Amino acid sequence: MLLLLFVFIFGFGFLAYKRASLISFTLAIGIYLILLSTMDIASNLTLVIYIALAVAINTKTFRQQYVSRHFLKLYRRIMPEMSQTEKEAIDAGTTWWEADLFRGAPDWQKMHNYPAPRLTPEEKAFLEGPVEVACSMVNDHQVCHQDADLSPQLWQYLKDNGFFAMIIKQQYGGLEFSAYAQSRVLQKLSGISTVLASTVGVPNSLGPGELLQHYGTQAQKDHYLPRLASGKEIPCFALTSPEAGSDAGAIPDFGIICKGQWQGKEILGMKITWNKRYITLAPVATVLGLAFKLRDPDGLLGDKPDLGITCALIPTDIAGVNIGRRHLPLNIPFQNGPTSGDEVFFPLDFIIGGPEMAGRGWQMLVECLSVGRGITLPSNSTGAIKMLALATGAYSRIRRQFKVPIGHMEGIEEPLARIGGNAYLMDAVTTMTTGAIDLGEKPSVVSAIVKYHLTDRMQGCVIDAMDIHGGKGICLGPNNYLGRGYQGAPIAITVEGANILTRSLIIYGQGAIRCHPYVLAELDAAQLTDEREALEQFDHAVFGHIGFAVSNFCRSFWLGITNSRFSNSPFDDETKRYYQHMNRFSANLAFLSDIAMAVLGGELKRKERISARLGDILSQLYLCSATLKRFNDDGRQQQDLPLMHWAVRDSLFKAQTALDELLRNFPLPLVGKILRWVLYPTGITLVTTYDALDQEVAQLLQQPSISRDRLGYGQYWAVASNNPVGIQEQTLRDVLAAEKILKKISLTTGKKEPLIFLDKLADEALELGCITEEEAQHLRDTEVGRLASINVDDFSPEQLRMGTSK
Ligand SMILES: Cc1cc2nc3c(=O)[nH]c(=O)nc-3n(C[C@H](O)[C@H](O)[C@H](O)COP(=O)(O)OP(=O)(O)OC[C@H]3O[C@@H](n4cnc5c(N)ncnc54)[C@H](O)[C@@H]3O)c2cc1C
Numbered sequence: 035m036l037l038l039l040f041v042f043i044f045g046f047g048f049l050a051y052k053r054a055s056l057i058s059f060t061l062a063i064g065i066y067l068i069l070l071s072t073m074d075i076a077s078n079l080t081l082v083i084y085i086a087l088a089v090a091i092n093t094k095t096f097r098q099q100y101v102s103r104h105f106l107k108l109y110r111r112i113m114p115e116m117s118q119t120e121k122e123a124i125d126a127g128t129t130w131w132e133a134d135l136f137r138g139a140p141d142w143q144k145m146h147n148y149p150a151p152r153l154t155p156e157e158k159a160f161l162e163g164p165v166e167v168a169c170s171m172v173n174d175h176q177v178c179h180q181d182a183d184l185s186p187q188l189w190q191y192l193k194d195n196g197f198f199a200m201i202i203k204q205q206y207g208g209l210e211f212s213a214y215a216q217s218r219v220l221q222k223l224s225g226i227s228t229v230l231a232s233t234v235g236v237p238n239s240l241g242p243g244e245l246l247q248h249y250g251t252q253a254q255k256d257h258y259l260p261r262l263a264s265g266k267e268i269p270c271f272a273l274t275s276p277e278a279g280s281d282a283g284a285i286p287d288f289g290i291i292c293k294g295q296w297q298g299k300e301i302l303g304m305k306i307t308w309n310k311r312y313i314t315l316a317p318v319a320t321v322l323g324l325a326f327k328l329r330d331p332d333g334l335l336g337d338k339p340d341l342g343i344t345c346a347l348i349p350t351d352i353a354g355v356n357i358g359r360r361h362l363p364l365n366i367p368f369q370n371g372p373t374s375g376d377e378v379f380f381p382l383d384f385i386i387g388g389p390e391m392a393g394r395g396w397q398m399l400v401e402c403l404s405v406g407r408g409i410t411l412p413s414n415s416t417g418a419i420k421m422l423a424l425a426t427g428a429y430s431r432i433r434r435q436f437k438v439p440i441g442h443m444e445g446i447e448e449p450l451a452r453i454g455g456n457a458y459l460m461d462a463v464t465t466m467t468t469g470a471i472d473l474g475e476k477p478s479v480v481s482a483i484v485k486y487h488l489t490d491r492m493q494g495c496v497i498d499a500m501d502i503h504g505g506k507g508i509c510l511g512p513n514n515y516l517g518r519g520y521q522g523a524p525i526a527i528t529v530e531g532a533n534i535l536t537r538s539l540i541i542y543g544q545g546a547i548r549c550h551p552y553v554l555a556e557l558d559a560a561q562l563t564d565e566r567e568a569l570e571q572f573d574h575a576v577f578g579h580i581g582f583a584v585s586n587f588c589r590s591f592w593l594g595i596t597n598s599r600f601s602n603s604p605f606d607d608e609t610k611r612y613y614q615h616m617n618r619f620s621a622n623l624a625f626l627s628d629i630a631m632a633v634l635g636g637e638l639k640r641k642e643r644i645s646a647r648l649g650d651i652l653s654q655l656y657l658c659s660a661t662l663k664r665f666n667d668d669g670r671q672q673q674d675l676p677l678m679h680w681a682v683r684d685s686l687f688k689a690q691t692a693l694d695e696l697l698r699n700f701p702l703p704l705v706g707k708i709l710r711w712v713l714y715p716t717g718i719t720l721v722t723t724y725d726a727l728d729q730e731v732a733q734l735l736q737q738p739s740i741s742r743d744r745l746g747y748g749q750y751w752a753v754a755s756n757n758p759v760g761i762q763e764q765t766l767r768d769v770l771a772a773e774k775i776l777k778k779i780s781l782t783t784g785k786k787e788p789l790i791f792l793d794k795l796a797d798e799a800l801e802l803g804c805i806t807e808e809e810a811q812h813l814r815d816t817e818v819g820r821l822a823s824i825n826v827d828d829f830s831p832e833q834l835r836m837g838t839s840k
């Protein structure tokens, strides 16, 4: 009997684990029952009843009439209601690798087969040429403190060299760069100046250029795209208004279809009233992309009085268009300000895509957001962190307190490791995500994941870097490479979907529906008015869904009791266990999603903290897989192991924490307890990073090496007066060489010489004859760099008045 029970549990568990079809299950149970009846354990009557049930459940018409019909009724009662804007947002874009992670059985080989993105020779030349020049032209302190703008020369250079036209097709004079190349450009720019990176990032993100290329009429493309490419036109895009920030679908700005005078003639047009704020580049824009709700009360366009959100392109020199005033976003003075207009009349041709695209604005915006959100802010954040990782590592090695480099103190190693590990992870994530975009994906869920997590990690790392730098990070001035990034971090957190909203509502809200193999099909089927068609489609989806849920339960249980030891991994080395843990989390996520949906139904949308934690599991799995992909695509570099280990352990631990909190706070506490027992029979087991690993990562940041170079690859490291980070990099190398000279001197003097006043020490050592003139000169040069690294700027009171400091 025990053996039979064993065969039953493992046989069916195995079939479920392998996601066997309904017919395979039915046959397997049939064979099992026949076996039992030959052993006189099951009666013939049991067999007959089973055969009748098996035939019924495998006969579509019977199943639909007697089972699926009732499920459909129930489903329609609990189905979440969805507004048109929500539906369009959910439908936008595509799903990609995150869908595999969501579905409980990721195929790792598939992930590793995605090609690693590469730069074309033109893109490489642009990064090494114009981007390097643009970086050399910016003085961030002057921009932020004195001019509140980029210099006119830099503006002109950016326009002349196509910086605002990276997404515009070559046939219109643009650069037509890959998403990966755009990301690399932004990373490099953001390492030297947030204002510069934001100024370049916005026209290449969601805005007139992108919208025109996808939806513009040929005449609009021919007119605007060459002018945008050459920098003759500066675009901005205005969606946000004082009453509608995160809830952008609720904008009160409106247009009325009516007749009016245009260039001396009466034409059919629209009178638009708007009041927008926070609009990047608006103060200097020549063309304003505007989102508003279009109405046609007199039926001049058709029979729909409320056409809905519409996007138009408005030349800003038209009378009645108000621009020019500026906001001051946290002392990071990129051009940003309000715009308004009161009943200003424009032709219908101003609508992007022409009058037939009236009312399609929301769909256009969410589609384009799926791409832009995955490039600009994640890349800016990554560039900032790559620069910070090396700069903070160098500073920690140069700066001494208690006679040792602060980077050798365990307390400093902890935050330093966070910065290093995150720099490795964030670069991996931007590479994998922009690679997906270059493969033709519009990954709406992934772009929300990377926007939230990379800006969030960036903010955490900047705070860590500030703490490590102490007063050096606090006193602003030309030598401070940190303070502006620290001030500006909340901007990245807020724009393109504020982070709390993105985590609580968007990642999982969109992810669950788009990535689940059956939920969208069920929703669509339930909304059909043709009952036969609805039943046909719903039946297919709901039975698939049941099988999927049973399979994920079995996978979760098996992976739980075995601690995922026997599950698949593409590598049999130090990364093997990471893949296995991800198999488990992936199965858990799929299973818990179904349980949460079943228990909460439409309420799940309002249970934001449940939704956020489920989204966190999905997000951490994505970050973790991107890191492992990077490690492999980089050639499985052994020197990078500490960085890879740190990044993977950190995200796996965060996934586990999200799961733990989810179960602890499950809406039905008893269900939460049972789920914990089923999923974690041996308890929560993963530990986060450990001290020795933190130490390895922290030391890696302080010592030049191939691995460290890889971490900062592609950033602006020129040793130039506008780039204190480049100078500090040189100083790090000088200090390490100086330490060897110091040892030589110490042998002669018989005491441990401290690494200060190196110029004086050089003279004394020369007199003692224990070093060469060349070594003495090295000590003098090192002292100059060392002082530049540890010193901060000071100003006369007059200089500190805005607009006078140099
Ligand atoms: C510097 C800067 C540049 C910008 N550039 C542009 C631009 O070029 N064009 C443009 O159109 N807009 C732009 N914006 C606007 C930006 O997109 C909005 O600021 C953003 O959408 C958030 O709106 P809000 O600031 O009004 O915050 P609110 O919407 O008032 O949100 C306040 C808080 O509530 C949270 N929240 C809101 N709803 C929910 C929810 N359902 N669940 C949980 N939390 C929620 C948010 O996450 C946030 O933390 C810019 C903003 C800034 C600051």
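Just so you know, we're using this note's numbering here: the sequence shown kicks off at 35 and counts up by one. We treat Cβ as the ideally placed atom computed from N, Cα and C, and that holds for glycine. Remember, predicted model here, so these are calculated numbers, not experimental data.
Here Asp-564 is exposed: its Cβ has fewer than 16 other Cβ atoms, across all protein chains shown, within 10 Å. Between Tyr-214 and Asp-461, the C-beta spacing is not below 7 angstroms. Ile-63 sits in a helix when the DSSP states are folded into three classes. Between the alpha carbons of Gln-216 and His-487 lies a gap of roughly 20 angstroms.
Inclusion of Gly-371 and Ala-282 in the CB contact set at 7 angstroms is not warranted, their separation being larger than that value.
If one requires a minimum length of 4 residues, the alpha helix (DSSP H) runs lying completely within the segment 223-294 are 228-235, 242-249 and 252-263, in chain order.
Trp-131 and Ser-58 have their C-alpha atoms spaced approximately 28 angstroms apart. Straight-line spacing of the CA atoms in Tyr-714 and Ile-508 works out to 46 angstroms. Annotation for Arg-664: Ala-462 place their beta carbon closer than 6 angstroms to its own, counting only its chain and skipping 5 residues before and after. Closest in C-alpha terms to Thr-228, from the list Glu-156, Cys-178, Ile-779 and Tyr-747, comes Cys-178.
Note: Met-398 is not bridge-paired with any residue in the DSSP secondary-structure output. For Asp-501, the closest alpha carbon among the candidates Arg-566, Gly-207, Gly-543 and Ser-430 is that of Ser-430. As a beta-bridge residue in DSSP terms, Ile-301 pairs with Gly-294. Annotation for Asn-699: no beta strand (DSSP E) segment contains it, and DSSP assigns it neither H nor E. Taking C-beta atoms as the reference points, Leu-593 and Arg-618 count as a pair closer than 7 angstroms. For Ile-541 against Ile-483, the beta-carbon gap comes to about 6 angstroms, under 8 angstroms, which counts as contact. In this structure, the C-beta of Leu-220 stays at least 6 angstroms away from each heavy atom of ligand 1. Note that the C-beta distance between Pro-703 and Tyr-515 is not below 7 angstroms. Membership of Arg-329 in any alpha helix (DSSP H) is not indicated; the residue belongs instead to the beta strand (DSSP E) covering 321-329.
Within its own chain, the residues whose Cβ lies closer than 6 angstroms to the Cβ of Ile-290, once the five positions on either side in sequence are excluded, are Lys-305 and Arg-329, listed in chain order. Only residues of its own chain outside the window of five on either side were considered, and among them Leu-161, Ser-212, Tyr-214, Ala-215 and Arg-218 have a CB closer than 8 angstroms to the CB of Leu-153, listed in chain order.
By the criterion of a C-beta distance shorter than 6 angstroms, Gly-358 is surrounded in its chain by Pro-317, once the five residues flanking it on both sides are discounted. Between the segment 118-134 and the segment 400-416, the count of Cβ pairs shorter than 8 angstroms is three or higher; the stretches touch. By the Cβ-count criterion, Gly-441 is buried, with 16 or more other Cβ atoms from all chains shown falling within 10 Å of its own Cβ.
Short of 7 angstroms from the beta carbon of Gln-690, and not among the five residues preceding or following it, lie these beta carbons of its own chain, in chain order: Ile-718 and Leu-720.
Relative to Asp-628, the option among Leu-655, Tyr-613, Ala-583 and Glu-166 whose CA is nearest is Ala-583.
In this structure, Gln-369 is the residue among Gly-64, Asp-728, Gln-369 and Glu-166 with its C-alpha nearest to the C-alpha of Ser-232.
The criterion of a C-beta distance shorter than 7 angstroms is not satisfied by Gln-221 and Thr-60. In the same chain as Gln-187, and ignoring 5 residues on each side of it, the C-beta atoms closer than 8 angstroms to its own belong to Met-171, in chain order. Taking non-hydrogen atoms of ligand 1 into account, the C-beta of Thr-373 is found less than 6 angstroms away from none of them. Relative to ligand 1, the nearest heavy atom lies less than 6 angstroms away from the CB of Pro-363. Cβ atoms of Leu-450 and Leu-735 come within 8 angstroms of each other, at about 6 angstroms. The C-alpha of Leu-626 is placed about 29 angstroms away from the C-alpha of Lys-94. Across the structure, Ser-102 and Gln-561 are spaced so that their CA atoms are roughly 15 angstroms apart. Tyr-312 has its CB nearer than 6 angstroms to a heavy atom of ligand 1.
In the DSSP assignment, Glu-570 falls outside any beta strand (DSSP E) and lies within the alpha helix (DSSP H) extending over 565-595.
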